[in-house]
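Chains as they are written, first to last, in this note's numbering: chain B, 10 to 619; chain F, 10 to 619. Even for Gly, the Cβ is constructed at its ideal location relative to N, Cα and C. Note that the structure is a prediction, hence the values are computed from the model and not measured.
2 protein chains.
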Amino acid sequence: MARRTTRVDQIAAHDRLTQLRAELSRDQLTGFIVPHTDEHQSEYLPPSAERLAWLTGFTGSAGAAVVLQDEAAVFVDGRYTIQAAAEVDPSAFALEHLIEMPPWKWLKARLKPGDRIGYDPWLMTSAEVKRLDEVCRAAEATLVGVTGNPIDHIWTDRPAPPLGAVTIHPTELSGEEAQGKIGRLQASIADAKADAAILAQADSVAWTFNLRGADIAHNPVALAYAVLPADGKPSLFIDGRKLTNSVRATLADLAELHEPAEFTGSLAALGREGAKVLLDPKGTAAAIAAAIRDAGGTVVEGADPAELPKARKNDTELAGTRRAHIRDGAAMVRFLAWLDGAAASGEIDEVIAADRLAGFRADTARRDGSELVDVSFATISGAGPNGAIVHYRVTPKTNRPLESGSLYLVDSGGQYRDGTTDITRTIAVGVPTDEMRDRFTRVLKGHIAIATARFPVGASGAQLDTLARAALWQAGLDYDHGTGHGVGSFLAVHEGPARISKLGTVPLEPGMILSNEPGYYKAGAYGIRIENLLVVTPAAIVTGGDRPMLGFETLTLAPIDRRLVDLSILSPAEIAWLDAYHARIGPALGHLLDDEERQWLAQAAAPIGD
Amino acid sequence: MARRTTRVDQIAAHDRLTQLRAELSRDQLTGFIVPHTDEHQSEYLPPSAERLAWLTGFTGSAGAAVVLQDEAAVFVDGRYTIQAAAEVDPSAFALEHLIEMPPWKWLKARLKPGDRIGYDPWLMTSAEVKRLDEVCRAAEATLVGVTGNPIDHIWTDRPAPPLGAVTIHPTELSGEEAQGKIGRLQASIADAKADAAILAQADSVAWTFNLRGADIAHNPVALAYAVLPADGKPSLFIDGRKLTNSVRATLADLAELHEPAEFTGSLAALGREGAKVLLDPKGTAAAIAAAIRDAGGTVVEGADPAELPKARKNDTELAGTRRAHIRDGAAMVRFLAWLDGAAASGEIDEVIAADRLAGFRADTARRDGSELVDVSFATISGAGPNGAIVHYRVTPKTNRPLESGSLYLVDSGGQYRDGTTDITRTIAVGVPTDEMRDRFTRVLKGHIAIATARFPVGASGAQLDTLARAALWQAGLDYDHGTGHGVGSFLAVHEGPARISKLGTVPLEPGMILSNEPGYYKAGAYGIRIENLLVVTPAAIVTGGDRPMLGFETLTLAPIDRRLVDLSILSPAEIAWLDAYHARIGPALGHLLDDEERQWLAQAAAPIGD
């Protein structure tokens with residue numbers, strides 16, 4: 010998917026910059042901010058929202074650009090510095106580090122009194138605008154929300170917004186009628202002393218109305234907004250062309266259906282009524298709050314009311330995810346068995362492996378009478394040093410063979426109608442070094458510490474994160490990413506509000522699905538990550554204990570490479586965990602394997618003490 | 010120190026309330042807030058600032074009262090609910106939980122439009138005033154900063170402010186000339202783009218000017234303010250009666266000396282010059298920011314510039330604290346040896362034990378050619394169920410004998426000129442139950458996990474806190490306090506900014522001294538806490554590792570009761586830590602013991618495996 014900088018691209022980059030600057034001049038702007046998002050603050054974008062890629066060439070999943078009249082910069086984080094250097098024309102854009110030198114800081118050093126910096130208020134949140142506005146004011150410059158994105162004026166072959174078909178997510182899979190969910194959210198809106206709430210994020214809308222869509226790769230959501238009054242029928246703003254008659258009829262029972270073009274008018278109407286409208290300032294376009302306020306309404310800042318209920322999976326969703334994980338685990342076992350035989354040939358590379366894994370996922374779903382709707386994100390298939398690039402995405406240029414004496418890291422997942430999966434395994438190709446085994450085993454110790462953690466009701470992911478790192482820290486090692494993220498139920502593979510990270514301050518609650526993925530990365534050499542999904546188990550008093558405690562059930566079922574385990578640094582309890590984990594796999598998913606695969610699994614999952 | 014409610018007290022409480030309400034009426038106030046602090050936001054107060062105790066009878070170290078015309082309440086946290094119930098007249102004051110129902114929340118439920126709630130701006134910080142002001146505004150009430158505390162008008166026998174003699178803390182102990190410290194702070198004030206900074210907390214003033222005082226029990230500080238200009242000579246506001254001629258001469262070289270009464274005028278002068286003045290909104294009286302702003306100055310909110318430099322102890326201070334800990338450890342060994350023989354008699358109670366311990370501290374200091382200046386806080390001497398009260402303070406009424414089959418918890422410390430100590434030991438009296446041993450050993454596992462922690466540069470105490478709890482959590486247990494607090498160098502036993510707690514977001518830095526004190530409390534039965542002081546060790550690359558890591562050195566030297574250790578739940582590495590820790594004690598402090606004490610130590614510190 011990534012591109013190389015060619016002479017043609019350079020002409021294109023300069024040409025587009027020149028055109029954009031002309032647009033800005035017409036609007037009396039001295040600069041413009043180009044974030045990587047869409048009108049729903051999505052992580053994965055429809056092609057119509059890939060403005061950053063169109064303007065700069067950079068195709069990563071996070072970043073921004075700022076264009077001034079005499080200079081321009083692209084901002085990417087550490088995951089993407091190598092990719093950005095290959096994709097972005099350096100004669101057009103400087104490359105900056107998104108975290109160390111974010112756009113607001115870069116602007117702060119350049120703003121002059123009288124500057125007018127434009128932004129698209131549909132592509133930035135109120136929280137983001139607030140900070141930029143402070144920077145501009147301090148420099149006696151002005152931050153200007155534009156009407157109509159200037160890039161859209163010059164992007165003549167911009168794709169149309171997506172029109173993926175909407176389906177109804179049945180109660181057999183969602184576990185709760187949409188009507189019931191709406192009622193619960195309305196009660197919480199009333200509790201927040203608001204008259205209505207805005208659902209701006211596509212997965213919140215999908216969860217609330219039990220709908221699924223196909224507008225964005227890997228995320229089965231439909232781009233749509235909803236307005237939920239504390240009392241009365243909600244309004245859903247969605248392109249009618251995405252709806253079959255039957256879907257339309259189902260949704261019309263739940264909500265007034267409107268075209269997206271009517272959304273701003275409805276916000277203004279709420280404002281004119283003097284309504285207090287709840288919205289999440291960190292997840293909602295600034296244009297929405299502005300439309301409400303400009304018409305006389307009041308914005309109540311608070312969490313998206315669907316976020317927490319969506320994160321707490323009900324028993325039906327949990328039963329679904331367990332089925333999905335059996336199916337997905339079987340696909341992983343088949344892949345690992347194939348790889349074990351094939352890798353020795355020296356003819357397997359990252360692309361072949363990733364394609365083969367997708368094939369096993371699709372085929373195993375069919376065997377199970379199910380369907381792989383999509384992969385849940387672009388597979389990370391990293392051989393040798395590529396495994397050390399945390400968000401690596403294979404391209405023809407970077408593709409490497411799996412070589413003997415190296416490690417292969419594969420991070421992948423599936424979207425099934427009953428659940429979303431996300432798993433990482435690190436596999437020894439040939440004989441690993443002692444250092445690789447030491448590092449792998451320390452990562453495994455961290456993984457086991459999280460899998461077996463018990464913690465009081467009210468504890469947050471921030472309180473658990475260090476358990477995953479302590480064994481690495483003892484050896485002077487660490488990893489530069491969080492330990493776990495929330496995962497949706499046939500929804501986004503990255504979902505809030507809880508996470509296992511030093512920033513994860515939201516208390517963990519029963520039913521939340523989180524990843525458990527400590528790692529270790531040696532730049533230029535190899536990468537290690539072991540990832541399973543977990544579900545937070547119900548509160549219970551431990552025998553002999555005196556407080557209700559929570560814990561985790563591991564959902565993911567696939568062998569962890571025993572050849573990479575250094576038994577000498579595992580405790581008896583850790584060995585027992587690994588053996589018990591491996592012992593679960595065959596009985597759970599053996600029926601989806603053929604004889605040869607079953608035999609392979611028997612040895613791959615044999616007790617490690619033996 | 011605590012009082013029982015008697016008929017006389019009840020009359021006094023009602024009488025004082027009546028008088029206060031009359032004062033409030035005269036000032037057109039409908040209510041008044043009485044916090045537990047002084048003009049320096051001190052934790053321990055001089056008698057002249059014990060307004061909360063005078064008005065309500067409550068003598069705990071944290072709390073507040075709010076008095077309205079028709080009701081009044083005292084707010085205390087969970088540590089003090091039992092004590093407050095015994096001390097406060099329930100017919101005068103309702104008792105509320107300081108955390109669950111803080112004064113602002115209690116007021117919020119009672120405020121009526123037009124209410125005028127008074128507060129003393131010298132006794133509340135800007136941060137506290139800001140929140141209360143929001144609550145009042147929302148209720149269309151007014152928060153009124155009073156001039157002159159109305160309690161002082163009716164407290165006719167209020168003690169005079171303290172006049173403890175000031176001494177100079179010599180460079181042999183401080184490790185840095187005051188002139189150098191002042192220069193460092195001035196550089197940081199300039200970095201913060203401020204013209205001057207206010208030092209409002211007594212320990213910041215003491216550290217900066219290398220002075221010590223005797224105004225407050227247990228804290229060798231002098232109540233004083235300082236104004237540090239980014240450039241030029243500082244001003245020190247201190248009662249001249251505390252200064253000998255020689256101390257005055259030394260301080261006059263460093264600062265312009267002023268009487269405290271001149272402080273407000275100096276703030277106003279700064280304001281009139283249009284100065285930008287740095288102060289910590291969480292640690293500085295609101296009156297100070299108001300005086301600057303009212304005169305036209307600008308307040309720059311930021312950390313107290315002395316807080317972080319004070320927390321990073323230099324090599325001289327660390328050498329001093331090591332000496333203090335040898336002396337203090339010898340006193341503890343002598344106490345524990347005495348207790349081991351004496352407790353069997355059944356005639357030892359909490360008061361006798363605490364007195365004896367203070368005696369051993371004073372005597373051992375003399376043996377060492379040193380001096381116990383004070384204990385570093387009121388000793389917590391808790392037998393049996395009293396040990397489960399986290400901040401227990403023995404009174405004649407609550408005093409219990411040490412009974413066979415129970416645990417005895419003693420938390421104490423000393424102020425020596427070369428260092429401040431703080432240690433808790435839990436001792437088996439007679440034969441402990443299996444449950445006691447299990448709990449004690451889990452607390453010990455947490456203590457060892459902190460003592461042996463290694464962590465990357467930049468990690469905070471919040472990232473370590475869970476290591477101290479994991480073994481308790483596994484058994485369904487926990488404790489409701491932080492794991493560690495900062496400790497000063499012959500200064501406050503509780504010092505910021507770092508701590509080991511889920512709220513401790515400040516990165517740990519080499520030289521910081523912190524306590525390591527996990528615990529377990531079974532209400533009505535027993536309490537367990539094991540506390541040593543630690544110092545953060547310098548950053549180093551671990552052999553084979555790839556990042557600079559920090560760790561801890563344990564400063565405190567005294568045996569941990571082996572009779573309470575359940576070997577079966579300790580790992581070999583934990584047993585090795587305990588044995589190695591015990592092996593340090595004799596060689597370090599044996600020279601301060603007599604033969605009998607040395608023999609006792611030999612068996613108490615023998616390897617546990619034996």
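Three or more Cβ pairs closer than 8 Å define a contact, and the segment 581-593 of chain F falls short of that threshold against the segment 463-472 of chain B.
Spanning the alpha carbons of Trp164 of chain F and Pro99 of chain F requires a straight line of approximately 21 Å. Judged by DSSP secondary structure, Arg60 of chain F falls outside any beta strand (DSSP E) and instead within the alpha helix (DSSP H) spanning 60-65. Among the residues facing chain F, Asp474 of chain B is included, as its CB has a counterpart in that chain under 9 Å away. Around the beta carbon of His503 of chain F, 16 or more other beta carbons lie within 10 angstroms, which makes this residue buried. Straight across, the Cα-Cα distance linking Gly280 of chain B with Pro465 of chain B is about 43 Å. Setting aside the 5 residues that flank it on each side, Ala484 of chain F is surrounded in the same chain by Arg451, each with a C-beta closer than 7 Å to its C-beta; the list follows chain order. Where Pro111 of chain B is concerned, there is no enclosing alpha helix (DSSP H), because DSSP gives it neither an H nor an E.
The CB of Val551 of chain B comes closer than 7 Å to the CB of Ala484, Gly485 in chain F, given here in chain order. DSSP places Arg478 of chain F in no beta strand (DSSP E); its state is neither H nor E.
Within the same chain, and ignoring the five residues on either side of Gln210 of chain B in sequence, the residues whose Cβ sits closer than 7 Å to its Cβ are His49, Gln50, Gly292, Asp313. Excluding sequence positions up to five before and after Asp129 of chain F, its CB lies within less than 7 Å of the CB of Val155, Asn158, all in the same chain and listed in chain order. In summary, no residue of the segment 337-371 of chain F has a CB separated from any CB of chain B by less than 7 Å. Residue-level contact by beta carbon fails for Asp98 of chain B and chain F, as no gap is shorter than 9 Å. Secondary-structure assignment with DSSP links Gln424 of chain B through a beta bridge to B:Asp383, B:Thr429.
Excluding the 5 residues flanking it on each side, Thr65 of chain B has same chain C-beta neighbours closer than 6 Å at Ala74, Val83, Val97, Phe102, in chain order. With a threshold of 9 Å between beta carbons, Lys285 of chain F makes no contact with chain B. For Ser213 of chain F, no beta strand (DSSP E) segment is defined; the enclosing uninterrupted segment is the alpha helix (DSSP H) at 211-218.
Residue contact check for Gly554 of chain B against chain F: a CB pair falls below 9 Å.
Inside the segment 342-427 of chain B, DSSP marks whole alpha helix (DSSP H) runs of 4 or more residues at positions 359-376, from first to last along the chain. Taking one beta carbon from each stretch, the segment 430-439 of chain F and the segment 539-547 of chain F have 3 or more pairs nearer than 8 Å; the two touch. Within the segment 577-607 of chain F, the residues whose Cβ lies closer than 9 Å to some Cβ of chain B are Ser580, listed in chain order. Going by C-alpha positions, Glu271 of chain B is about 10 Å away from Ser244 of chain B.
According to the DSSP assignment, Ser275 of chain B belongs to the alpha helix (DSSP H) that extends over 272-281. By the CB criterion at 9 Å, Gly393 of chain B and Ala532 of chain B fall outside the cutoff. Taking CB atoms only, Met445 of chain B has no neighbour in chain F less than 9 Å away. Residue state for Ile207 of chain B is assigned as strand, using DSSP reduced to three classes. A Cβ-Cβ distance of about 4 Å is found for the pair Ala203 of chain B and Leu287 of chain B, placing them in contact under the 8 Å criterion. Taking the CA atoms as reference points, Gly249 of chain B sits about 42 Å from Ile91 of chain B. Val496 of chain F is a Cβ neighbour of Asp431 of chain F, given a cutoff of 9 Å.
Listed along chain F are Ser469, Ala471, Gln472, each with a C-beta nearer than 8 Å to that of Lys511 of chain B.
Residue environment analysis places Ser275 of chain F among the buried positions, since at least 16 neighbouring C-beta atoms fall within 10 angstroms of its C-beta.
Just measuring C-alpha positions, the residue of F:Leu29, F:Asp427, F:Ile126, F:Glu444 sitting nearest Leu416 of chain F is F:Glu444.
For Ala239 of chain B against Gln195 of chain B, the beta-carbon gap comes to about 6 Å, under 8 Å, which counts as contact.
Assignment of beta-bridge partners to Gly40 of chain B by DSSP yields B:Leu77, B:Ile126.
Proximity of chain F to Ala328 of chain B at the Cβ level (cut-off 8 Å) is not reached, the minimal Cβ distance being about 27 Å.
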